[in-house]
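Each protein sequence line maps, in turn, to chains A and B.
Counting in full-length UniProt numbering, the first sequence runs from 1 upward without gaps.
Counting in full-length UniProt numbering, the second sequence runs from 1 upward without gaps.
What follows is a single structure, written as structure tokens, with notes after it.
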Amino acid sequence: MSSPALIPTVAVEEDFRARAHTALGDKQLRNNFRSAMDSLMTKRAVAFSDAHEREHLRALGNAIRARALSKLPDLLERLEQNLTRNGVKVHWAETVDEANGIVLSIIRAHEARQVIKGKSMVSEEMEMNHVLAEQGIECLESDMGEFIVQLDHEKPSHIIMPAIHKNAGQVASLFHDKLGVEYTKDVDQLIQIGRRVLREKFFEADVGVSGVNFAVAETGTLLLVENEGNGRMSTTVPPVHIAVTGIEKVVEHMRDVVPLLSLLTRSALGQPITTYVNMISGPRKPEELDGPQEVHLVLLDNGRSQAFADSELRQTLNCIRCGACMNHCPVYTRIGGHAYGEVYPGPIGKIITPHMVGLANVPDHPSASSLCGACGEVCPVKIPIPAILRRLREENVKAPDSPNQVMRGQGSKYSRKERLIWNFWARLNTSPTLYRLFGFFATRLRQLVPSNVGPWTQNHSAPKPAARSLHELAREHLAKQDRH
Amino acid sequence: MSAKQNILAKLRKSLVGTTPLADNFDEALVTEPWSYPPEQRIAQLRKQMEAVHTEIHLSTGDAWPALLARLLHERQLPSLLVSPATPHGKQLAAHWDANAGLPTLKAYDRPVEEWKAELFNDTPASLTGTLGAIASTGSLIVWPTPQEPRLMSLVPPVHFALLKASEVHNNFYEVQQKFAWAAGMPTNALLISGPSKTADIEQVLAYGAHGPKDLVLLILEDQ
Ligand code: SF4
Chain A
1 MSSPALIPTV
11 AVEEDFRARA
21 HTALGDKQLR
31 NNFRSAMDSL
41 MTKRAVAFSD
51 AHEREHLRAL
61 GNAIRARALS
71 KLPDLLERLE
81 QNLTRNGVKV
91 HWAETVDEAN
101 GIVLSIIRAH
111 EARQVIKGKS
121 MVSEEMEMNH
131 VLAEQGIECL
141 ESDMGEFIVQ
151 LDHEKPSHII
161 MPAIHKNAGQ
171 VASLFHDKLG
181 VEYTKDVDQL
191 IQIGRRVLRE
201 KFFEADVGVS
211 GVNFAVAETG
221 TLLLVENEGN
231 GRMSTTVPPV
241 HIAVTGIEKV
251 VEHMRDVVPL
261 LSLLTRSALG
271 QPITTYVNMI
281 SGPRKPEELD
291 GPQEVHLVLL
301 DNGRSQAFAD
311 SELRQTLNCI
321 RCGACMNHCP
331 VYTRIGGHAY
341 GEVYPGPIGK
351 IITPHMVGLA
361 NVPDHPSASS
371 LCGACGEVCP
381 VKIPIPAILR
391 RLREENVKAP
401 DSPNQVMRGQ
411 GSKYSRKERL
421 IWNFWARLNT
431 SPTLYRLFGF
441 FATRLRQLVP
451 SNVGPWTQNH
461 SAPKPAARSL
471 HELAREHLAK
481 QDRH
Chain B
1 MSAKQNILAK
11 LRKSLVGTTP
21 LADNFDEALV
31 TEPWSYPPEQ
41 RIAQLRKQME
51 AVHTEIHLST
61 GDAWPALLAR
71 LLHERQLPSL
81 LVSPATPHGK
91 QLAAHWDANA
101 GLPTLKAYDR
111 PVEEWKAELF
121 NDTPASLTGT
131 LGAIASTGSL
141 IVWPTPQEPR
151 LMSLVPPVHF
161 ALLKASEVHN
171 NFYEVQQKFA
181 WAAGMPTNAL
191 LISGPSKTAD
201 IEQVLAYGAH
211 GPKDLVLLIL
221 EDQ
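Written out as structure tokens, the structure is:
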């Protein structure tokens with residue numbers, strides 16, 4: 001049977017604008033995203049059918065995250081104490097290099113060759129697969145979506161649904177080409193193929209790596225949610241389990257996860273709960289017959305403490321990684337996840353990435369938004385994403401000599417010329433005389449507006465002033481009335 | 001300074017002059033919408049679990065071994081992994097002793113390393129007990145033990161689970177309170193809400209991703 005050629009996905013070289021432009025022209029990609037996002041939005045809406053219940057729960061979710069952040073250092077220490085008491089080894093890393101170093105040294109201590117990974121966005125931040133491969137260690141993704149993406153040498157395009165940019169036909173061709181199986185577009189069969197390949201890998205792996213959804217300080221528990229069972233496999237079958245997570249993932253009490261879990265699964269997939277909620281509080285005990293002999297937790301900063309330092313930007317760390325903001329984002333839906341060129345795409349990506357890679361490296365991210373507000377409205381922990389985007393736009397153009405340096409790479413879009421124009425514009429609008437003069441000349445000389453006004457005229461007609469300003473017309477109108 | 005000290009120092013510096021936020025957890029928000037009259041709890045549980053392809057049978061404390069034997073026969077399962085040390089394991093063994101020709105009962109009685117290949121390749125089904133269930137989300141509460149280890153509910157393609165009707169609770173919050181989870185957790189605790197599934201390809205739902213393809217729940221109505 002012949003199989004259709006693979007449709008190339010967006011390459012990650014050029015800059016954001018170029019990638020977005022290419023993505024916009026890719027019909028297949030846009031179709032795949034449009035239909036997926038539509039369905040995810042519907043599912044969420046159904047799962048939160050009672051608006052009253054939803055809004056109260058969001059407020060509670062926000063309060064729990066804000067409370068956890070308000071005592072973050074204490075909670076992290078408490079988490080470490082309780083995990084250590086339970087027999088889990090806790091490691092701290094300021095940078096991704098440090099985190100990779102820790103993971104590598106654990107792997108080396110066990111002379112491990114094969115690593116199996118449950119889904120973890122933090123390990124994507126670390127580019128763990130790549131780093132381990134360079135050391136001759138195979139690191140295989142076991143989440144079906146991640147497995148597909150890895151097989152095609154791609155990156156995830158969505159934080160919950162990594163392979164959402166592909167349709168079944170594309171996966172069919174990929175499996176046919178890379179795994180040598182017969183071409184089939186039947187999703188059940190495709191999943192069974194993945195299951196067969198990965199079962200063997202779970203069986204063989206020396207080390208399992210996973211992320212963490214919530215780390216409970218009170219009990220020293222790592223809570224992971226998933227539907228597939230690959231997370232349970234990765235954290236249970238291999239003799240060593242390494243969990244990697246950001247320092248913000250901690251919550252104070254076990255009960256705090258009740259509303260957060262409900263918010264997470266309903267916002268992400270419209271499910272009341274995931275198939276598995278896996279709560280890990282320690283390695284195998286002497287009398288137990290399975291489970292890892294060793295459990296490690298790597299706590300990664302990677303720019304989070306920078307966001308934490310500013311009370312407005314700190315709210316970025318409320319995020320529970322549900323993906324709802326991207327599902328509802330008109331920009332993300334049109335350009336897809338790869339165009340952002342970073343680990344976290346969509347609205348959350350735009351507000352968290354600058355702290356990880358420096359704002360100067362993603363200067364277009366804050367402005368790739370229509371500020372429609374959908375992300376902030378659906379966010380289950382009420383992160384004011386649009387307000388934070390506006391704030392990042394300000395940081396982007398802050399003068400280099402400004403005393404308030406809040407983030408790495410700020411001010412990369414600062415331009416003296418632009419600043420002068422804005423200062424002039426501000427004067428113009430605050431001085432009545434200047435404003436009237438300007439209005440007079442702008443209307444009288446309206447024919448002089450060029451037909452090409454840079455980027456503006458790419459998609460709009462030139463902004464030609466009216467023949468008379470509204471002020472003038474109103475004055476004339478009132479004068480006429482007085483005469484009557 | 002170590003990474004830990006650096007991170008904590010930065011975080012602490014950022015919090016200078018602030019006070020920790022008060023704990024205003026409102027338990028009504030996570031209990032009131034999710035409470036059911038006792039006689040409706042099983043119906044709610046069934047609704048949620050069947051919506052995600054769980055097969056549910058109502059039975060009794062005496063009748064379930066025979067029902068299980070019939071289900072194994074219908075599915076032509078040659079063997080069943082079951083703990084001989086649990087009360088339900090003993091009850092099942094007694095039924096098996098009294099009836100010839102039933103599928104082989106296998107025990108998970110040695111560390112996984114000693115029989116991993118057999119567990120992965122030659123163990124088609126398992127039976128475990130549960131600590132109870134959560135009606136609101138349709139979830140089974142499973143705390144693996146030395147008798148019923150973690151992989152028992154994960155690796156075999158068919159997972160049979162026993163649930164006493166009296167142990168169906170309203171919601172997750174209630175369960176945490178009842179079992180005093182805040183005071184201590186086992187090495188691994190699970191909520192299981194159906195057979196393993198994925199929607200990673202084009203959002204098409206497929207069952208049997210990495211865990212069991214079938215979850216069969218036997219509810220003991222008189223217990
Ligand atoms: S920012 Fe909010 S909506 Fe977006 S992934 Fe995080 S929690 Fe979900």
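The beta carbon of each residue, even a glycine, is placed where N, CA and C say it ideally should be.
Alpha-carbon to alpha-carbon, residue j and residue i
i                      : j      : result
A:G305                 : B:P111 : What sits at residue 305 of chain A in the sequence shown is Ser, not Gly. A:S305 and B:P111: Cα-Cα distance of roughly 43 Å.
A:L269                 : B:E74  : 34 Å
B:H169                 : B:S126 : 24 Å
B:P144                 : B:N188 : 7 Å
A:I7                   : A:L29  : Bear in mind that the predicted position of A:I7 carries a pLDDT of just 41, short of 50, making it too unreliable to give a figure here.
A:C139                 : A:C325 : 30 Å
B:K47                  : A:G145 : 28 Å
B:A183                 : A:M279 : 14 Å
A:L428                 : A:P366 : 28 Å
A:L223                 : A:V212 : 6 Å
B:P156                 : B:D97  : 24 Å
B:L215                 : B:H53  : 8 Å
B:P186                 : A:R393 : 47 Å
residue 488 of chain A : B:R41  : Nothing can be reported for residue 488 of chain A, as the shown portion of chain A is limited to 1 through 484.
A:V115                 : A:F147 : 13 Å
B:N99                  : B:A85  : 20 Å
A:D310                 : A:V406 : 7 Å
A:S141                 : B:Q147 : Sequence inspection shows Glu at residue 141 of chain A; the Ser mentioned does not correspond to that position. Rounded to whole angstroms, A:E141 to B:Q147 spans 31 Å at the Cα level.
B:D222                 : B:G132 : 14 Å
A:A5                   : A:R196 : For A:A5, the predicted structure reports a pLDDT of 39, less than 50, and the residue's modelled location is therefore unreliable. A value from the coordinates is still provided. Spanning the two alpha carbons is a distance of roughly 25 Å.
A:H338                 : A:Y332 : 10 Å
B:L102                 : B:A69  : 7 Å
A:G341                 : A:E154 : 11 Å
Residue i versus the options, residue with shortest Cα-Cα distance
i      : options                        : result
A:R468 : A:L445, A:N452, A:D482, A:L313 : A:L445
A:R314 : A:S267, A:S369, A:I247         : A:I247
A:R391 : A:E312, A:I348, A:K413         : A:E312
B:L140 : B:T198, B:P186, B:G194, B:P84  : B:G194
B:L162 : B:H57, B:A3, B:S196, B:A51     : B:H57
B:Y108 : B:D122, B:G61, B:K197          : B:D122
A:K166 : A:T245, A:N227, A:K27          : A:K27
A:S234 : B:L105, B:A22, B:H210, B:Q176  : B:H210
B:P20  : A:F147, A:S70, A:P403, A:V149  : A:S70
A:G409 : A:A163, A:R416, A:P400, A:T245 : A:P400
B:L92  : B:A117, B:Q76, B:W64, B:L77    : B:W64
B:S79  : B:F120, B:Y36, B:L154, B:T104  : B:T104
A:L151 : A:F308, A:S157, A:L174, A:M161 : A:L174
A:F308 : A:H355, A:K350, A:H253         : A:H355
Neighbouring residues, chain B, relative to residue i (Cβ below 9 Å)
i      : result
A:K71  : L15, P20, L21
A:E228 : S196, K197, T198, D200, A209, H210, G211
A:W92  : S2, A3, K4, Q5, N6, I7, L8
Contact set between residue i and chain A, taken where Cβ atoms lie within less than 8 Å
i      : result
B:V168 : Ordered by position in chain A, no residue passes the 8 Å Cβ test against B:V168, which lies about 15 Å from the chain.
B:F179 : By Cβ distance, chain A contributes nothing, its closest Cβ being about 10 Å from B:F179, past 8 Å.
B:L8   : P73, L76, E77
Neighbour list for residue i in chain B, Cβ cutoff strictly below 8 Å
i      : result
A:V187 : I201, E202, V204, A206
Neighbour list for residue i in chain B, Cβ cutoff strictly below 7 Å
i      : result
A:H365 : None at all; the shortest Cβ gap to chain B is about 23 Å.
A:E53  : P33
Chain-ordered neighbours of residue i on chain A, where CB pairs are closer than 7 Å
i      : result
B:L11  : L72, P73, S305, F308
B:V112 : L289, D290
B:P149 : E288, L289, D290
B:K116 : F203
Residue i: contacting residues in chain A (beta-carbon distance under 9 Å)
i      : result
B:I192 : T275, Y276, V277
Measuring CB atoms only, is the stretch 211-224 of chain A touching the stretch 166-182 of chain A, in the sense that at least three cross pairs come out at less than 8 Å?
Taking a contact to require three or more Cβ pairs closer than 8 Å, the stretch 211-224 of chain A and the stretch 166-182 of chain A do not qualify as touching.
I want to know whether the stretch 54-69 of chain A touches the stretch 451-465 of chain A - three or more CB-CB distances under 8 Å.
no
Please list the segments of the alpha helix (DSSP H) lying wholly inside the stretch 55-89 of chain A, counting only runs of 4 or more residues, in order along the chain.
72-86
Validate contact between the stretch 292-303 of chain A and the stretch 84-104 of chain A using beta carbons, cut 8 Å, 3 pairs
yes
For the pair the stretch 381-395 of chain A and the stretch 318-326 of chain A, tell me if three or more CB-CB distances fall below 8 Å.
yes
To test your reading of the DSSP string, which unbroken alpha helix (DSSP H) runs of 4 or more residues are found completely within the stretch 215-243 of chain A?
As far as the stretch 215-243 of chain A is concerned, its whole alpha helix (DSSP H) runs of at least 4 residues are 230-236.
Could you tell me which uninterrupted beta strand (DSSP E) segments, each at least 3 residues in length, are contained entirely in the stretch 141-185 of chain B, listed from first to last along the chain?
158-164
Report yes or no: do three or more beta-carbon pairs, one from the stretch 73-86 of chain A and one from the stretch 7-27 of chain B, lie closer than 8 Å?
yes
Runs of beta strand (DSSP E) wholly within the stretch 112-188 of chain A (minimum 3 residues, chain order)
114-117, 138-141
At least three beta-carbon pairs within less than 8 Å, the stretch 42-62 of chain A to the stretch 252-272 of chain A
yes
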